[in-house]
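With our numbering, letter number 341 in the sequence shown gets 529, and the count goes up by one each step, no holes. Ideal Cβ placement from N, Cα and C applies to all residues, glycine included. Computed from a predicted structure; not experimentally measured. Contents: one structure, followed by commentary.
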Amino acid sequence: MTIDVVPVSLGTRSYQVRIGPGLLAQAGAEVAPLLRRKKVAIVTDETVAPLHLETLMAAFAAQGITATALALPAGEATKSWPHLARATEWLLEQNVERRDVVVALGGGVIGDLIGFASAILRRGVRFVQIPTTLLAQVDSSVGGKTGINTAQGKNLVGSFHQPSLVLADTSVLESLPARDFLAGYGEVVKYGLLGDSAFFDWLEQNGPSLRADPALRQRAVLRSVQMKADIVERDETEEGDRALLNLGHTFCHALEKATGYSDRLLHGEGVAIGCALAFELSQRLGLCAQEAPSRVRAHLRAMGTKVDLADIPGDLPSAEALLALMGQDKKVVDGRLRFILARGIGQAFVTDAVPPETVIGVLQDALAQRR
Ligand code: GLY
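If you want it as structure tokens, here you go:
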């Protein structure tokens with residue numbers, strides 16, 4: 189199978205996202221043109237390391253590139269000050285210089301953390317993203333958002349720091365547990381819902397086969413990355429259109445907070461539920477036909493991912509409490525909540541003109557289905 193290439197055109201910060209099977213084993217040759225000296229430092233996590241680090245180290249060795257590696261604990265808790273300190277100090281111990289390249293091998297946690305470490309190390313070194321989850325391949329590895337979580341919330345400390353290259357090896361997705369694959373799918377379906385109804389039609393046909401079919405999987409990653417690159421090129425630092433990528437995220441962030449960022453709800457699962465709720469809210473506001481939220485829910489159901497609040501185990505707070513959690517979202521501007529709503533499938537837009545009582549009504553009805 190061929191390698192697809194999506195350029196992300198951002199002037200001096202431009203780079204390629206290369207997508208296809210076997211890229212991990214070719215990483216040495218792919219990264220070599222970026223190097224001023226034959227040396228890289230890799231940061232990964234303890235889940236990914238046993239699966240993929242040996243292949244990556246061999247790929248660098250085959251090109252005569254010296255590689256050292258650090259494996260951090262897996263999980264969201266790693267996106268934190270202590271691990272940022274550990275990673276940056278380790279990178280300094282490896283004598284990473286201003287003109288060197290750092291490699292982030294892993295999912296969104298490692299990509300965001302090591303992207304941020306690279307942004308602040310020696311006032312900025314280049315880094316390469318090698319995303320190993322579906323979520324990271326279609327979303328977090330592209331676009332340069334980097335950062336960590338703090339006690340006050342997720343992603344509240346960080347910077348825009350674009351990678352110099354993204355290698356999305358679609359064959360590594362075969363080692364993903366089914367739940368993680370489906371969680372990543374929440375971000376894939378988001379692209380169809382926000383801006384490409386033909387892609388959503390295609391996903392309705394092909395979504396259930398993506399996990400088993402390498403060619404379909406690559407096509408889904410490619411279309412998602414093309415859409416993300418297009419939006420990031422228009423609005424790198426989220427002054428406008430980039431907020432569309434947050435479809436489903438206002439609800440998702442409140443639900444993640446309510447469930448303590450635990451195993452009860454993975455981020456991509458929250459995005460899927462959040463997309464269904466955003467379409468429900470859009471319909472209640474008279475923006476889109478009833479058919480749209482029904483179609484979104486039917487497709488998510490067919491995929492076997494979480495769709496409703498009833499799919500989240502354990503207790504949830506009241507609708508009012510969930511709305512209050514949304515008020516702590518990064519997307520609050522001048523105290524007004526911003527929502528991504530839709531006039532139909534593939535027609536999302538950003539607005540802060542949403543009556544809180546309509547949001548509460550949607551949440552109350554969704555919570556009532558749990559009983
Ligand atoms: N994940 C949303 C963004 O990159 O803007």
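Contact check for Leu223 against Ile191 fails: the beta carbons are separated by 8 angstroms or more. The continuous beta strand (DSSP E) containing Arg314 extends over residues 314-319.
The three-state secondary structure of Tyr203, taken from DSSP, is strand. Our two residues, Ile419 and Val205, have alpha carbons roughly 14 angstroms apart in a direct line.
For Arg483 against Ala464, the beta-carbon gap comes to about 10 angstroms, at or over 8 angstroms, which does not count as contact.
When the beta-carbon positions are compared, Ser268 and Asn337 come within less than 8 angstroms of each other. Between Thr425 and Phe348 the beta-carbon gap is near 6 angstroms, inside 8 angstroms, which marks them as a contact. In the three-state DSSP reduction, Arg531 falls in the coil class, being neither helix nor strand.
For Gln325, same chain residues with a beta-carbon under 6 angstroms away, outside a window of 5 residues either side, are Pro319, Ala356, Val409 in chain order. Straight across, the Cα-Cα distance linking Arg452 with Lys494 is about 11 angstroms.
In the displayed model, Asn337 falls within a strand according to three-state DSSP. If you draw a straight line from the Cα of Val360 to the Cα of Leu244, it comes to about 12 angstroms.
Residues Gly299, Gln317, Pro319, Val354 of the same chain have their beta carbon placed closer than 6 angstroms to that of Ser329, with the five preceding and five following residues left out of the count. One alpha carbon belongs to Leu488, the other to Glu392, and they sit about 9 angstroms apart. Proximity of the beta carbon of Asp327 to ligand 1 is indicated: a heavy atom of the ligand is located closer than 7 angstroms. By the Cβ-count criterion, Val193 is exposed, with fewer than 16 other Cβ atoms from all chains shown falling within 10 Å of its own Cβ.
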